[in-house]
Amino acid sequence: MNALKQLLQSSGGHPPIGTWVVSASPLVAEAMGCAGFDWGVIDMEHAPLDVMGVVQLLQAVSATKMLPIVRVPWNDAVVVKRVLDAGAATLMFPMVQTASEAGRAVAATRYPPEGLRGVAGMSRGSRFGTTPHYLKTANQHVGVIVQLETPDAISRLDAIAQVKGVDALFIGPSDLSATMGHIGEPHHPAVMELMNHAVQRCKALGMPLGTVGDSPELVTQYRAAGFDFVGIGCDLGLMMRGARSAIAALRTGGAEHVHSLSSGTYTGAA
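Going letter by letter, the sequence shown gives residues 289 to 558 in our numbering.
Have a look at this one:
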């Protein structure tokens with residue numbers, strides 16, 4: 289069983305909480321892991337990360353409990369091969385539109401005959417050749433998450449969910465809202481309605497479904513709606529929210545905020 293399935297099955301009915309790591313900083317990634325997140329997306333799609341950067345972030349979070357999920361920039365077998373060789377074990381694929389595309393994503397993560405991943409005799413993924421029988425066992429330890437980010441993709445949810453090797457689906461509210469004509473409005477009622485519909489379909493199929501929100505209040509709504517794993521914001525977003533709240537508290541001179549800052553209990557980053 290791969291680490292993603294283990295995390296979801298061991299949650300005890302409490303959806304695991306994650307975040308996005310977009311800073312491309314090993315130090316910040318490690319801090320997110322130490323903060324207590326259950327999972328974190330090491331993002332290659334929108335963050336300035338190359339493969340060596342992925343290695344450094346994976347090394348940074350390895351001493352924490354946070355499960356690293358590497359989001360590749362596209363459904364590209366060459367990129368997938370390099371990221372797996374770098375030591376990633378759970379991958380997220382953006383903008384998957386069809387079952388065929390989902391199948392191609394899975395195939396890129398598997399050695400033959402189940403897939404088309406190229407074979408390397410020495411890689412970080414195999415702990416530099418020290419993992420016993422790595423080539424014969426690697427396939428079963430790779431986790432695959434595919435993102436549904438358009439109404440068309442969600443209309444094909446059932447077929448995508450039934451692709452062998454897909455472990456979970458993930459709805460990206462920002463892209464979904466944009467493709468629905470509500471760009472910048474991920475909380476638009478029509479977007480929320482479609483997401484809730486997707487939850488019900490996934491429940492019927494027994495397929496885990498995740499998403500991400502920008503506030504604890506929204507994440508609480510997503511959890512109540514039935515999402516199986518939910519992220520809150522990103523490392524830079526949480527940092528900026530805390531920084532701006534601290535600055536605002538000091539500039540307005542609010543006694544309560546200033547006291548919370550001085551006592552070390554300030555929680556603006558939440």
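Built from N, CA and C at the ideal position, the CB exists for glycine as well.
Practice problem: With a 10 Å radius around its C-beta and 16 neighbouring C-beta atoms as the bar for buried, classify residue 515 as buried or exposed. | Solution: Residue 515 comes out buried.
- Task: Within 10 angstroms of the Cβ of residue 297, are there 16 or more other Cβ atoms? Answer buried if so, exposed if not.
- Result: In this structure residue 297 is exposed. Its beta-carbon is surrounded by fewer than 16 other beta-carbon atoms within 10 angstroms.
TODO: Pull up the distance between the alpha-carbon of residue 395 and that of residue 533, whole angstroms please.
DONE: Spanning the two alpha carbons is a distance of roughly 46 Å.
Going by alpha carbons, who is nearest to residue 332 out of 304, 380, 299 and 318? It is 380 whose Cα lies nearest to the Cα of residue 332.
Using the DSSP secondary-structure output, state which residues sit across from residue 359 in a beta bridge.
331 and 380, per the DSSP bridge assignment.
- Curious, which full-length beta strand (DSSP E) runs of at least 3 residues does the stretch 423–479 contain? DSSP assignment within the stretch 423–479 yields the following whole beta strand (DSSP E) runs of 3 residues or more, N-terminal first: 431–436 and 456–459.
Would you list the one or two residues that DSSP bridges to residue 497? As computed with DSSP, residue 497 is found in a beta bridge with 457.
Q | Contact belief for residue 329 with residue 308 at Cβ below 8 Å, rounded distance in angstroms | A | With a Cβ gap of about 5 Å, residue 329 and residue 308 count as contacting.
Please state the DSSP three-state secondary structure of residue 530.
Three-state DSSP puts residue 530 in a helix.
Mapping DSSP to helix, strand and coil, what is residue 307? Strand, per DSSP.
Range of the contiguous beta strand (DSSP E) that encloses residue 518: 517–522 is the span of the beta strand (DSSP E), which, as asked, contains residue 518.
For residue 421, does the three-state DSSP call read helix, strand or coil? DSSP, reduced to helix, strand and coil, places residue 421 outside both helices and strands of the structure shown, so it counts as coil.
Can you tell me whether residue 495 is buried or exposed? The criterion is at least 16 other CB atoms within 10 Å of its CB, across all chains shown. Residue 495 counts as buried, since no fewer than 16 other beta carbons sit within 10 angstroms of its beta carbon.
*When the Cα atoms are used, what is the spatial distance from residue 455 to residue 368?*
Within the model, the alpha-carbon separation for residue 455 versus residue 368 is close to 16 Å.
Taking only the alpha-carbon atoms, compute the straight-line gap between residue 291 and residue 378 and give it to the nearest angstrom.
Each residue's alpha carbon lies about 8 Å from the other.
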